[in-house]
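Below you'll find the structure, written out as structure tokens, and then a few comments.
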Amino acid sequence: MEQKQCDLCAGTEFEQIGDRDRHGNSLESVICKACGLVAHGKIPTDEELAHYYATEYRKSYHGELTPSDRRVMRAWKNGERIFRQLQPHIEPDAGVFEVGAGIGCTVKVFELNGHQSTGIEPGEGFQDYSQQRLLTNVVRGDLFEQPRDHSRELVLLVHVIEHFNSPRRALEYIRGMMAENGLFYVECPNIAAPFARRSKMFHYAHIHNFTPSSLKMLAESCGFKLEVQFGSKEDPNLQMLFSCSDSTELNIDPDNFKQTMQVIEQATPVRYHLRPWYVSTRFSKVASYLREHLTAKQFVADVVQECQQFASDHEDEQPAELRAAA
Ligand SMILES: [Zn+2]
């Protein structure tokens, strides 16, 4: 194995835990023996990632340049769920900034609820949709071009941290963007969730895979303090809200390596299929996909209508570039 350093703890000893991605293609996955962070054996460079996102990503992952109604509906409901979750913890006028805003649904939900709300998204298709259909203030942009002026009150990072080749670099950068009383919300897949299937676990685009403990360790060593962990232990996604802290101390959880290894060793297809509720959830999943197709079109039409109504009600307050785009 190539010599590399763990992004979390700078450790250099790894154990291989996988050699295939979820499509059966060659992809080495390793775990850091010191802290338990799971990552690719070979971390892609910035250039390799740029090439991947420009070519393969849309085909293999999103599969679409413009989001489908079903995707928009799901993203909108997800945005509403994130808003409901965070609302009790944030000031009613806190400014919101989302890194990797995707379709922009979450940004828009916060805006409709009275927050000044903006975001950046590198993907052209989704960013176009966001600005033109939902009239969001989501612009095309890169995290590392944002000013580090300690102005951001609430930063959202939803299903993005796993895509960075150095999540430490990203979190340290974000910390510099944040107001001292700012809050930072991170959501990403939880590799320690029960019944994750080992053969489905790894994906080229997910360069680092987090457990609750490894996300907490990383964030705390980048100047954040865990305030709230949402969701249950069974939840397939980690949902954590952090405040800013002056400490960047790295406190390694000595159990994370062992516990993560146990989870991975248990995550076999047999176990997955033997879940007693597997059959019924599969069936209800198919039924709910069908329902989704039928309702998504109307749902999105209603959302777009609501966004346009909101924009015309608040026309005077919109930034000039958005008025021009609309
Ligand atoms: Zn490590």
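Quick note: to get our numbering, add 84 to the position in the sequence shown (first position is 1).
Note that the Cβ used here is the ideal one computed from N, Cα and C, for glycine as well.
No experiment lies behind these values; they were computed from the predicted model shown.
Residue ranges of each beta strand (DSSP E) run of no fewer than 3 residues wholly in the segment 255 to 303, ordered along the chain? Counting only runs of 3 or more, we get 262 to 273.
Using a Cβ-Cβ cut-off of 8 Å, state whether residue 338 counts as contacting chain C. Among the chains of the structure shown, chain C does not appear; only one protein chain is present.
Three-state secondary structure assigned by DSSP to residue 92: Position 8 of the sequence shown, counted from the first residue, corresponds to residue 92. Coil.
Any alpha helix (DSSP H) of 4 or more consecutive residues that is wholly inside the segment 178 to 227: If you keep only unbroken alpha helix (DSSP H) runs of at least 4 residues inside the segment 178 to 227, you get 189 to 196 and 208 to 216.
Simplified DSSP state of residue 381, which is helix, strand or coil: Locating residue 381 in the sequence shown gives position 297, where the first residue counts as 1. In the three-state reduction of the DSSP assignment, residue 381 falls in the helix class.
Could you name the residues of the same chain whose beta carbon sits closer than 6 Å to that of residue 234, not counting the 5 residues immediately before and after it, in chain order? For the purposes of this step, residue 234 is taken as residue 150 along the sequence shown, with counting starting at 1. If you ignore the 5 residues before and after residue 234, its C-beta comes within less than 6 Å of the C-beta of 263, all in its own chain and listed in chain order.
What residues come near ligand 2, if near means a beta carbon less than 5 Å from any of its heavy atoms? The model on display carries ligand 1 but not ligand 2.
With burial defined as no fewer than 16 other Cβ atoms inside 10 Å of the residue's Cβ, what is the status of residue 239: buried or exposed? If you number the sequence shown from 1, residue 239 lands on position 155. It counts as buried.
Under the assumption that residue 300 contacts residue 310 (Cβ atoms under 8 Å), give the Cβ distance between them as a whole number of angstroms. Looking up residue 300 in the sequence shown gives position 216. Looking up residue 310 in the sequence shown gives position 226. Rounded, the Cβ-Cβ distance is 5 Å, consistent with contact.
What do you reckon, are the CB atoms on residue 341 and residue 328 nearer than 8 Å? Locating residue 341 in the sequence shown gives position 257, counting from the first residue. Locating residue 328 in the sequence shown gives position 244, counting from the first residue. At least 8 Å separates the beta-carbon of residue 341 from that of residue 328.
Boundaries (first-last residue) of the beta strand (DSSP E) holding residue 249: The residue you call residue 249 lines up with position 165 of the sequence shown. Membership of residue 249 in any beta strand (DSSP E) is not indicated, and neither H nor E is assigned to it by DSSP.
Rounded straight-line distance, which links the Cα of residue 218 to that of residue 188: On the sequence shown, residue 188 is found 104 positions in, with the first residue counted as 1. On the sequence shown, residue 218 is found 134 positions in, with the first residue counted as 1. In this structure, the alpha-carbon of residue 188 lies about 8 Å from that of residue 218.
Do residue 30 and residue 194 have their C-beta atoms closer together than 8 Å? Absent from the structure is residue 30, since the part of the chain shown begins at 85 and ends at 410.
CA nearest to the CA of residue 261, picked from 165, 232 and 286: Within the sequence shown, numbered from 1, the residue matching residue 261 stands at position 177. Put simply, of 165, 232 and 286 the residue whose alpha carbon is nearest the alpha carbon of residue 261 is 232.
Paired residues, beta bridge with residue 116 - DSSP: Position 32 of the sequence shown, counted from the first residue, corresponds to residue 116. For residue 116, which the question treats as bridged, DSSP gives the partners 98.
Could you pull out every residue in the same chain whose Cβ sits closer than 6 Å to the Cβ of residue 214, ignoring the five residues on either side in sequence? In the sequence shown, the residue the question calls residue 214 occupies position 130. So the qualifying residues of the chain are 187, 188, 220 and 222.
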